[in-house]
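Quick note, the sequences are listed as chains R and G, same order. Counting in this note's numbering, the final residue of the first sequence is number 1098, and the numbers go up one at a time with none missing. Counting in this note's numbering, the final residue of the second sequence is number 1098, and the numbers go up one at a time with none missing. The C-beta atom is built at its ideal place from N, Cα and C for all residues, glycine as well. Please read all numbers here as calculations on a predicted model, not as lab measurements.
There are 2 protein chains.
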Amino acid sequence: MLNSYAMEAPSSYLFSEIARKVAAFSEKHGGDGPRIIRMGIGDVTRPLPRACVDAMKSAADEQLSAATLRGYPPDGGYDFLRKAISEHEYKRRGADIPPEDIFISDGAKSDSANIQELFGNDCVVGVSDPVYPVYADSNAWSGRLGHYADGRWERLVTFPCTRENGYVAPPPDGHVDLIYLCFPNNPTGAAASRAQLRAWVDYANEHGSIIIYDAAYRAYISDPDIPRSIYEIDGAKTCAIEICSFSKTAGFTGVRCSWTVAPEELRRGGVSLRALWARRQATKFNGTPYIVQRGAEAVYSPAGQSQCAETISVYMRNARRILDALRGAGIEATGGVNAPYVWMRCPDNMDSWGFFDYLLKEARVVGTPGSGFGKCGEGYFRLTAFGSPEDTDEAMHRVGALSRKI
Amino acid sequence: MLNSYAMEAPSSYLFSEIARKVAAFSEKHGGDGPRIIRMGIGDVTRPLPRACVDAMKSAADEQLSAATLRGYPPDGGYDFLRKAISEHEYKRRGADIPPEDIFISDGAKSDSANIQELFGNDCVVGVSDPVYPVYADSNAWSGRLGHYADGRWERLVTFPCTRENGYVAPPPDGHVDLIYLCFPNNPTGAAASRAQLRAWVDYANEHGSIIIYDAAYRAYISDPDIPRSIYEIDGAKTCAIEICSFSKTAGFTGVRCSWTVAPEELRRGGVSLRALWARRQATKFNGTPYIVQRGAEAVYSPAGQSQCAETISVYMRNARRILDALRGAGIEATGGVNAPYVWMRCPDNMDSWGFFDYLLKEARVVGTPGSGFGKCGEGYFRLTAFGSPEDTDEAMHRVGALSRKI
Chain R
693 MLNSYAMEAP SSYLFSEIAR KVAAFSEKHG GDGPRIIRMG IGDVTRPLPR
743 ACVDAMKSAA DEQLSAATLR GYPPDGGYDF LRKAISEHEY KRRGADIPPE
793 DIFISDGAKS DSANIQELFG NDCVVGVSDP VYPVYADSNA WSGRLGHYAD
843 GRWERLVTFP CTRENGYVAP PPDGHVDLIY LCFPNNPTGA AASRAQLRAW
893 VDYANEHGSI IIYDAAYRAY ISDPDIPRSI YEIDGAKTCA IEICSFSKTA
943 GFTGVRCSWT VAPEELRRGG VSLRALWARR QATKFNGTPY IVQRGAEAVY
993 SPAGQSQCAE TISVYMRNAR RILDALRGAG IEATGGVNAP YVWMRCPDNM
1043 DSWGFFDYLL KEARVVGTPG SGFGKCGEGY FRLTAFGSPE DTDEAMHRVG
1093 ALSRKI
Chain G
693 MLNSYAMEAP SSYLFSEIAR KVAAFSEKHG GDGPRIIRMG IGDVTRPLPR
743 ACVDAMKSAA DEQLSAATLR GYPPDGGYDF LRKAISEHEY KRRGADIPPE
793 DIFISDGAKS DSANIQELFG NDCVVGVSDP VYPVYADSNA WSGRLGHYAD
843 GRWERLVTFP CTRENGYVAP PPDGHVDLIY LCFPNNPTGA AASRAQLRAW
893 VDYANEHGSI IIYDAAYRAY ISDPDIPRSI YEIDGAKTCA IEICSFSKTA
943 GFTGVRCSWT VAPEELRRGG VSLRALWARR QATKFNGTPY IVQRGAEAVY
993 SPAGQSQCAE TISVYMRNAR RILDALRGAG IEATGGVNAP YVWMRCPDNM
1043 DSWGFFDYLL KEARVVGTPG SGFGKCGEGY FRLTAFGSPE DTDEAMHRVG
1093 ALSRKI
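This is the structure we're talking about:
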C-alpha cells in the first residue's frame, strides 16, 4: 500500500545524513578540542538586510487591524512582488518576463520538487551529474525513474560534468524530455556561458524538451558575459521554466521565499504550462505569507539592494579565501568565482565520504561529500562560502595546517 | 509528455472559479447597487492576535544579528513549537502525542495534498461526499483515481453524507485503503461524535486502512463530548494521520502554519509512516519560516489563548446569526454549532450554482455552491461565519428580505 518507489530510494537525504554524522561526532567529542566549523549545508550566516526586517515588521503590524489584515494570499503571489521581480530580475536585464508569468512560492526546493507533477510518467528525465539531489529524488518518488538498482535509477539519464568539460555538460546525443539544469551550479560552482546555454535551448526547442532551470545562485554572478537568467537566451521562452530564490540573494533560508517563471509562450500539445502550473499551485498550495512577500519586495528597495550587495561581497571574499587556501595547499579546486560554492578534489585519492570523515575528525570542518550529488562527484568535495569570514579563515587555516601534515 | 490525469480533471479549482465569477460580476456591476459581501471562501476577517504579531516582530528583529539569525528551519519544525502543540493540543486533552510525531508545515492544504505521496498508486481512496476538494484532486493528479468520465473519477470511492445520516457517513461495507475524514466538516459543519469516530478507527484497524484526519476546524468545537483529535479515540495511533492548522484557530490564513501528526506506532509492512513522511518533507520541502513558527508558538501563551478565544466567539456568534436567519426564512440549515460553516438547502429546488448566481445577483452575497464539494452537495450551499459581525448581519438581512420575495 505504500509508495514503493519512495522506499527504494537510498535511505537518507544527503543533508540529513550529514547532520546525523555531525551530531554523532559532536556527542562523542563535543567537549574536547576545537569547535566544529560548518561549511557543509549551504546555509547563510549574515544577518538579514535591515530593509527586509523592517518591511516584515511593518507587514506584521498591518495584521492588527481588520482593515489591513491579509488572509489567503492570491494565487501566484501578490502583484507588488511579481511586478518587482519582473522589473528588477528580468526587464532590466533585457528579458521580457511579465508579472503574470511569475509565481511566488515558499522555496526553490519545493518548486523544483513539485514541478515534475506537470509531466507524465513516460517522460525521460535528465539531470547533471553531480547535481542538487532534489531533481532526481522528486522524479523518483513519482515513479518516473523506474526502479533503483546497482546505485542508480533505471530510467534516469545523467549528463556527466567533469574536469574535461569544465563541469558544464553539453546536451546529450539522445532524446531527453525533461532536463534539469542548475547554473551557477550547486555543487560545482560552474557557471554556464551564453554559448553553452544556447546549445541547451536549441536542443530543447529541437527535441520539444522542457528545461527546468534552477538559477538560485544567480546573484553571485559577477562576470557580465554570463547570463543570470535562461530567458537572456533567445528561444528560451518556448522551452524553459526558471526557478529562483531569495535564500542566497538576501539570506532568506529561514524566511522562505522563491519564484518560478512559466512563460505564457511555453506550450506542449496545445496545453499552456503556465496554466498547468497555476492549476497545480491552486490545487495543492495556499501561498507564501504576506509578511514574507513584503520582506522579499524590500530586497528591491535601494537600501535592500545595497545591503544584499554587501552581504554577497562578504561571501565572495570567503570564496576567494577558500580557493586561495586550497590551491596553496596543492589541492585542485574550481568554482567560487561566479558562485558561492568551491568544488575541490579530495587529496590522496580519498573518496568523498572518506574525506568527509577525515576533515571532520582532523580539522573539525564539515563539508559536503561530492558523491552525494552523483557518481561523477565521487572523489570531490564541496565547500561553501556562506560562513562568517572568521570561520572561513579559521577553517582554511586548519586545512592549510592539515595539508602540511599529509 | 504532460500529466494526462491533471489535464483530465475538471477545468478549474472551485475557489478559483468562484473568484473568477465574482470578479466578472464586479466588473459589470461594481459601480452600482450595494457592495458585495463575501461568505464564500473560508477566509478570516478578524485581526491576528496581538501576541502572535508581537512574537513575529520580535523574531524578525532576531534576524538583524548574526548571533540570532535563523537559517534553514530544522526538518519537522522547531522544537519549541512541536513541544507547545504536543502539550496544548494533545496531552492536555488526554492524547499522548509526543513532539517527535508532530511535523510543522505551511498549511493544512499543502499537507493534505502531499500526504498521498506516501502511498502506492494501487491504493483504493475514499472521501466523504461532499468534502473539501483537495483530497480527491491531489490523488487524481497522481493518477491514483484512474480516469475522469461522466463527472467522476473511476477509482474514487465516496461516502455519502446526507440529511439521513446527519452528514456523517458510516464506514463502507467494502474495502478502502486510504480514507479522508474531515471533522468538524468542511463544508457541512457536521461534527463526528466519539462513537462515530470509533467506528471509523475500528474499520481502519480491521482493514489495515489509513485515515487522513483533517481537524483544521477543531477549535470551533464547544461540545465537550465531541473529540477534537482522532487520537482521543483508542486505537487511532495505529491507523491515523492527523492534519491541523493555525488558519482558523488563530487567523493564520495569510501567515501560513500547520502541523501533521504521524504517530510512531503507525506502520504498514514494517515501514514507519512517520519516517516516510519525514523523508518526504526532507526531500521536497524546506520548512516553515522561523518568524511564522514563533508567531504560532504565541498562540499558546495566556494572551494568545484569550485573544484566539475571543475571535472564535465572534465567529460563532455569526454562525448563530446565520442559522437563525436561514431558519427564520424557512430554509433548512445545519452545521454552525461546533463548526464555522453553515450548510443550507437551496430554496425553490435551485441547484447549487443556480443559487450562487441568484444570491450574487439579487443579494450581492457570495457563498460556495455545495456541488463544488461533491455530487451529494448538489442543491446545497455553504455559508461561512468568518465575516465581520456587520457583514454577516447585513448579508442575513438581505437574505431575509429576499426570502420574503421568493
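Check: So which residues on chain G does residue 764(R) lean against when the C-beta distance must stay under 8 Å?; Outcome: 733, 735, 945, 946
Check: Along chain B, in chain order, which residues have C-beta atoms closer than 9 Å to that of residue 809(R)?; Outcome: The chain inventory of the structure shown lacks chain B, comprising the protein chains R and G.
Check: Quick one: which residues of the segment 865–891 of chain G get their C-beta closer than 7 Å to a C-beta of chain R? List them in chain order.; Outcome: 869
Check: When the Cα atoms are used, what is the spatial distance from residue 739(R) to residue 761(G)?; Outcome: 6 Å
Check: Alpha carbon to alpha carbon, how far is residue 873(G) from residue 736(G)? Give it in angstroms, no decimals.; Outcome: 23 Å
Check: Tell me the DSSP secondary structure of residue 693(G) in three-state form.; Outcome: coil
Check: Just verifying my parser: in three-state terms, what is the DSSP assignment at residue 962(G)?; Outcome: coil
Check: Of all the CB atoms in chain R, is at least one closer than 7 Å to the CB of residue 930(G)?; Outcome: no
Check: So, helix, strand or coil for residue 1061(R), using DSSP?; Outcome: strand
Check: Any beta carbon from chain G within less than 7 Å of residue 973(R)'s own beta carbon?; Outcome: no
Check: Note down the Cα distance separating residue 974(R) from residue 705(G), rounded to an integer number of angstroms.; Outcome: 7 Å
Check: Using a Cβ cut-off of 9 Å, pull out every chain R residue sitting near residue 977(G), in sequence order please.; Outcome: 798, 799, 801, 802, 805
Check: With a threshold of 7 Å on Cβ separation, who are the neighbours of residue 918(G) within its own chain once the five nearest residues in sequence on each side are excluded?; Outcome: 883, 885, 1030
Check: Would you tell me roughly how many angstroms separate the C-alpha atoms of residue 938(G) and residue 864(R), rounded to the nearest one?; Outcome: 48 Å
Check: What does residue 758(G) reach in chain R if we use C-beta pairs closer than 8 Å?; Outcome: 737, 738, 739, 1080
Check: Anything in chain G within Cβ reach of residue 705(R), meaning under 8 Å, just list it in chain order.; Outcome: 971, 974, 975
Check: Closest by CA to residue 913(R), which one among 977(R), 1052(R), 709(R), 1005(R)?; Outcome: 1005(R)
Check: Just checking: is the beta-carbon of residue 1050(G) within a distance shorter than 7 Å of some beta-carbon in chain R?; Outcome: no
Check: If we require 3 or more residues per run, which beta strand (DSSP E) segments fall completely within the segment 877–912 of chain R?; Outcome: 902–906
Check: Specify whether the segment 785–798 of chain R and the segment 919–928 of chain R touch according to this definition: at least 3 beta carbon pairs, one from each stretch, less than 8 Å apart.; Outcome: yes
Check: Among residues of its own chain, excluding the 5 on either side of residue 924(R), which ones have a beta-carbon nearer than 6 Å to its beta-carbon?; Outcome: 787
Check: Less than 7 Å between CB atoms is the rule here; does residue 963(G) satisfy it with respect to chain R?; Outcome: yes
Check: Does the distance from the CB of residue 818(G) to the CB of residue 871(G) come in under 7 Å?; Outcome: yes
Check: For a quick check, are the C-beta atoms of residue 962(R) and residue 696(G) less than 7 Å apart?; Outcome: no
Check: For residue 798(R), which residues in the same chain have their Cβ closer than 6 Å to its Cβ, ignoring the five residues on either side in sequence?; Outcome: 948, 980
Check: Evaluate contact between the segment 1015–1025 of chain R and the segment 992–1004 of chain R, counting only Cβ atoms and requiring at least three cross-stretch pairs below 8 Å.; Outcome: no
Check: Note down the Cα distance separating residue 1035(R) from residue 1021(R), rounded to an integer number of angstroms.; Outcome: 14 Å
Check: Need the endpoints of the beta strand (DSSP E) that residue 852(R) sits in, please.; Outcome: 848–852
Check: Do residue 1071(G) and residue 1038(G) have their CB atoms nearer than 7 Å?; Outcome: yes
Check: Going by the DSSP bridge assignment, what does residue 781(G) pair with across the sheet?; Outcome: According to DSSP, residue 781(G) bridges with nothing at all.
Check: Go through its chain and collect everything with a Cβ distance to residue 891(G)'s Cβ below 8 Å, but skip five positions before and after it.; Outcome: 862, 863
Check: Near residue 955(G), which residues of its chain fall below 6 Å by C-beta distance, leaving aside the five closest residues on each side in sequence?; Outcome: 793, 929
Check: Going along chain R in order, which residues have a C-beta closer than 8 Å to the C-beta of residue 761(G)?; Outcome: 736, 737, 738, 739, 740, 943, 946
Check: Compare the C-beta of residue 745(R) with all C-beta atoms of chain G and state if any pair is closer than 7 Å.; Outcome: yes
Check: Ordered along the chain, which non-local residues of its own chain (more than five positions away) have a Cβ less than 7 Å from that of residue 791(G)?; Outcome: 771, 774, 775, 778
Check: Tell me the rounded alpha-carbon separation between residue 972(R) and residue 958(R).; Outcome: 16 Å
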